[in-house]
Each structure stands twice: as structure tokens, then as C-alpha cells.
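*Asks:* Numbering (the working numbering), first residue to last: 1 to 259.
Beta carbons are placed, not taken as given, at the ideal position from N, Cα and C, and that holds for glycine.
This one's a predicted model, so the numbers in the text were calculated from it and none came from an experiment.
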């Protein structure tokens, strides 16, 4: 399930598409209205806010599908959503971007790795790349994992998946698509620092493979929704799309099966 926002004045006809994964652990369903989706539609995109399998409130069958395959299930749901939309609306299947925040950012990165033939680029906000940071204390901390961390481990590994195999940076050779990543510039919390460390590792892998990665920072004003701060990030995101999604000179590389 999900919500589809269509642009009033697409820059291309048919319009490109953004598939936006639901965030959270467990993922929480998208709200009926989202202002950011309207901004993306104003950029000319069709925006699918996807409630992928595992979203809270959809029962054990959905939850277990995500736990069994935390990378493949969201990617398969995104592909199914594209097929559903294409059967009902004209869209540019050669220009599909993924979007996610937090754990959903991880879903977006892994889907881009698994299906480079389908997804042109990935846009992620504060992505959880080192999943172990959600299930154990920081290296310098004393004491056992917290109750929340134990619950996170049960959710992520309870279906048989292994964190060491789930992480996007565990599949360095699978990078193909350009990445736009936004993180907090005022990294005060332990979580912010852990996110930054994971992003740094990802950027290193992308740089070694000559894959474009645009990294921007936002601050409290962006998190508070102040217009000037939001406009700055949206402008940088639009420049990224101009280079790596709208640009007709960009060629999609050969596809490789990733297991």
C-alpha cells in the first residue's frame, strides 16, 4: 500500500518516479499528506510513498517477510510498486530514484545495489548503514545492550538474517548508482556520530569506484522545518537530480547479479 503524488507540470513526459520507503524500526506507515512529497512533485516527480512489507499494523505475515529478507523484501516491493504504477500511469522507467530516511535509507541503498537496472540513483537522509549500532552499545560504553537494542536485534535477526550480511557496506562491489546523502552537521549524540561513521565508510567505497556521491549537512533549522533551511537542501537535491537523473548523457552501466 502507499500514496501516489503526481506532478502538475512534469519536466519530462512521461514523468520520472521517486519510490520513498516508509521509515522506522519497525517501519511506520506514511501519513496521508506529506509536504516534502509535494515539494518533490513540484520538481516534476511522481512520488510513490511506499508502505513496504514490515510496516506496523499490517500483521505478522508482512512483518516476517521483512525479517526474513531485510534487503530483498523492500526492493521487491519497490519493483512491484513500479509495475503497478506503470500499468495505470505513464512514467519514465529509466528515471526512477529511491528515497529513504534512517533504516529506510538502508533499504534504499540496498535496493539500488540489488537492482541497478531499475533504480537510477538513491537519496538517503541519516541512513542507518552500520546496523550493529542499533543492537549493541558504542565500543567505549560499559554494560550490556539496552532493552531497546535487544528488541532491535530480535527484529532484525529473528528471521534468520545476519547483520554482517545485511549492511550495504558489506557489498562494496555492488555499488552502481549515484547517491545523495544528507546528515546532521551538529553531531552531538552518539547516534549522530554512528550515522556519520557509516556514511564515511560508504563514501569511501563509492569514491574508490568512481561513483558520484553528493553529501550535504543540515542543522536544527532544517529538522524544525524552517523554510530557508529546507530550501537550501532541496536546491542541492535538485542539482543532484539534474546531473544524475535528468541528464540524458548519463549511461546506466551493465547489470550484475548480486547475492
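Are residue 177 and residue 199 closer than 8 Å when you measure CB to CB?
*Replies:* no
*Asks:* Does DSSP put residue 56 in a helix, in a strand, or in coil?
*Replies:* coil
*Asks:* Quick one: Cα of residue 40 to Cα of residue 152, how far?
*Replies:* 32 Å
*Asks:* Using the beta-carbon count (16 or more within 10 Å), is residue 185 buried or exposed?
*Replies:* exposed
*Asks:* Distance, Cα to Cα, residue 192 vs residue 131?
*Replies:* 13 Å
*Asks:* Could you pull out every residue in the same chain whose Cβ sits closer than 8 Å to the Cβ of residue 278, ignoring the five residues on either side in sequence?
*Replies:* No answer is possible for residue 278: the residues shown for the chain start at 1 and end at 259.
*Asks:* Once the 5 residues before and after residue 10 are set aside, which same chain residues still bring their CB inside 7 Å of it?
*Replies:* 44
*Asks:* Could you give the distance in angstroms between the alpha-carbon of residue 166 and the alpha-carbon of residue 13?
*Replies:* 37 Å
*Asks:* Determine which residues share a DSSP beta bridge with residue 184 and list them.
*Replies:* According to DSSP, residue 184 bridges with 218.
*Asks:* Residue 96 and residue 17 - do their beta-carbons sit closer together than 8 Å?
*Replies:* yes
*Asks:* Report the three-state DSSP secondary structure of residue 119 (helix, strand or coil).
*Replies:* coil
*Asks:* So does the segment 18–34 actually touch the segment 218–227, counting three or more Cβ pairs closer than 8 Å?
*Replies:* no
*Asks:* Rounded to whole angstroms, what is the Cα-Cα separation between residue 42 and residue 142?
*Replies:* 49 Å
*Asks:* Which two residues bound the contiguous alpha helix (DSSP H) that contains residue 129?
*Replies:* Note, residue 129: premise wrong, no alpha helix (DSSP H); not H, not E.
*Asks:* Let me know if residue 15 comes out buried or exposed under the rule of 16 or more other beta-carbons within 10 Å of its beta-carbon.
*Replies:* With 16 or more other Cβ atoms within 10 Å, it is buried.
*Asks:* Measuring CB to CB, does residue 114 end up less than 8 Å from residue 54?
*Replies:* no
*Asks:* Could you have a look at residue 20 and say whether DSSP puts it in helix, strand or coil?
*Replies:* Three-state DSSP puts residue 20 in a strand.
*Asks:* Cutting at 8 Å between CB atoms, please list the residues of its own chain near residue 92, excluding the five before and the five after it.
*Replies:* Cβ-Cβ distances below 8 Å link residue 92 to 12, 14, 15, 16, 17 in the same chain, with the five nearest sequence neighbours on each side left out; the list follows chain order.
*Asks:* If you run the structure through DSSP and keep just helix, strand and coil, what is residue 105?
*Replies:* helix
*Asks:* By how many angstroms is the C-alpha of residue 228 removed from the C-alpha of residue 78?
*Replies:* Their Cα atoms are separated by approximately 32 Å.
*Asks:* Residue 202 lies in the alpha helix (DSSP H); which residues open and close that run?
*Replies:* Element bounds for residue 202: 190–208.
*Asks:* Between residue 38 and residue 5, how many whole angstroms is the CB-CB distance? I'm expecting something under 8 Å.
*Replies:* Their Cβ separation, rounded to whole angstroms, is 7 Å, which keeps residue 38 and residue 5 in contact under 8 Å.
*Asks:* Suppose you measure from the CA of residue 225 to the CA of residue 85; what does that come to, to the nearest Å?
*Replies:* Straight-line Cα distance between these residues: approximately 30 Å.
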